[in-house]
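Engineer: Got a structure for you, written out below as structure tokens; questions coming shortly.
In the UniProt record's numbering, the protein residues as written are 1 to 263.
This is the structure in structure tokens:
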């Protein structure tokens, strides 16, 4: 797959670069450039990211960072079985449990919420950092919802991290998930409160909390672009009508002139 000339491979994290040092220099550079493309396209073009991840995987399948990148690319394309396999491989290679929450979410994607809940209660969770533990809580709540256990999902999300006033990287998503669960349980006033709190914490627009809040408040957004297009469509019709009016006036004038000649 083509890679832009401005992508050198030096953009990757130093830890990944260190992993690639086990490869011949030219091969390491090729793998690095493909990994950069995976990271660059993952959010906006998941299919493209997946394609580059497969190239990197073909070149260096024994590098944990490559297996992890391939896992996230597959995950972004809802290929949950494939993603889970790649994450498991990366975990075996490194012994790192940071991928535990996303592995559990893959179980959800495969229609196995019970397995995700088992993972949420496993000893590995206690080894996660705070961000990982919050992520695991979000996955567990999602699994509860998958099983139709709305009240249990709400209770799962109730935590010190949810009640904290300080804003952390996970705060907006945690508040959003709580608000969404409350709304699903038809607790609308509470849901509105927590969507508003999610908006306060969502500094980088990672959620659509503001849209959900506006929807609850009955605010309707007008698509200005659509209105402009409607005006453009109507304009020629007006011009055409004007042309017909001019033609009618010309015909009236001609008839008047003929009548004058007869008189």
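Using N, Cα and C, we set each Cβ at its ideal position, and we do this for glycine too. Small disclaimer: the values here were computed from a predicted structure and weren't measured.
1) Could you name the residues of the same chain whose beta carbon sits closer than 6 Å to that of residue 75, not counting the 5 residues immediately before and after it, in chain order?
2) Determine the contact status of residue 209 and residue 202, defining contact as a CB-CB distance below 7 Å.
3) What is the DSSP secondary structure of residue 101, reduced to helix, strand or coil?
4) Do residue 52 and residue 77 have their C-beta atoms closer together than 7 Å?
5) So the alpha helix (DSSP H) residue 25 belongs to, where does it begin and stop?
6) Classify residue 110 as helix, strand or coil using the three-state DSSP reduction.
7) If distances are taken between C-alpha atoms only, which option among 5, 3, 56, 4 comes closest to residue 27?
8) What number of angstroms, rounded off, separates the C-alpha of residue 152 from the C-alpha of residue 72?
9) My parser needs the alpha helix (DSSP H) runs of 4 or more residues fully inside the segment 49 to 98; what are they?
10) Among the residues of its own chain, which have a CB less than 7 Å from the CB of residue 90, if the five just before and after it don't count?
11) Would you report the Cα separation of residue 143 and residue 105, rounded to the nearest angstrom?
12) State the Cα-Cα distance for the pair residue 38 and residue 126, rounded to the nearest angstrom.
13) May I ask you to report which of helix, strand or coil DSSP gives residue 9?
14) Report the three-state DSSP secondary structure of residue 122 (helix, strand or coil).
15) Less than 7 Å between the beta carbons of residue 101 and residue 135, yes or no?
16) So does residue 139 have its beta carbon nearer than 6 Å to some heavy atom of the ligand ADP?
Structural biologist: On the basis of the supplied data:
1) Translated into the one-based positions of the chain shown, residue 75 becomes position 75. Answer for residue 75: 83, listed in chain order.
2) As a working note, residue 209 is residue 209 in the chain shown. As a working note, residue 202 is residue 202 in the chain shown. Taking 7 Å as the Cβ cut-off, residue 209 and residue 202 qualify as a contacting pair.
3) Position 101 of the chain shown, counting from 1, holds the residue named residue 101. Note: residue 101 maps to helix in three-state DSSP.
4) Reading the chain shown from its first residue, position 52 is the one you call residue 52. Reading the chain shown from its first residue, position 77 is the one you call residue 77. Not in contact: residue 52 and residue 77 (Cβ atoms no closer than 7 Å).
5) By 1-based counting over the chain shown, the position of residue 25 is 25. Its alpha helix (DSSP H) spans residues 25 to 41.
6) Residue numbering aside, residue 110 sits at position 110 when the chain shown is read from its first letter. Coil, per DSSP.
7) Here the question's residue 27 lines up with position 27 in the chain shown. Looking at the Cα atoms, 56 is the closest of the given residues.
8) Along the chain shown, read from residue 1 onward, the residue named residue 152 stands at position 152. Along the chain shown, read from residue 1 onward, the residue named residue 72 stands at position 72. The alpha-carbon atoms of residue 152 and residue 72 are separated by roughly 29 Å.
9) 64 to 76, 80 to 94
10) Taking the first residue of the chain shown as 1, we reach residue 90 at position 90. 64, 67, 68, 71, 99.
11) In the chain shown, residue 143 corresponds to position 143, counting from 1. In the chain shown, residue 105 corresponds to position 105, counting from 1. Using only the alpha carbons, I get a separation of about 8 Å.
12) If you number the chain shown from 1, residue 38 lands on position 38. If you number the chain shown from 1, residue 126 lands on position 126. Roughly 30 Å separates the two Cα atoms.
13) Reading the chain shown from its first residue, position 9 is the one you call residue 9. Of the three classes helix, strand and coil, the one that applies to residue 9 here is coil, per DSSP.
14) Position 122 of the chain shown holds residue 122. If DSSP states are grouped into helix, strand and coil, residue 122 belongs with coil.
15) The residue you call residue 101 lines up with position 101 of the chain shown. The residue you call residue 135 lines up with position 135 of the chain shown. Cβ atoms of residue 101 and residue 135: closer than 7 Å.
16) In the structure on display, the ligand ADP does not appear, and there are no ligands present to speak of.
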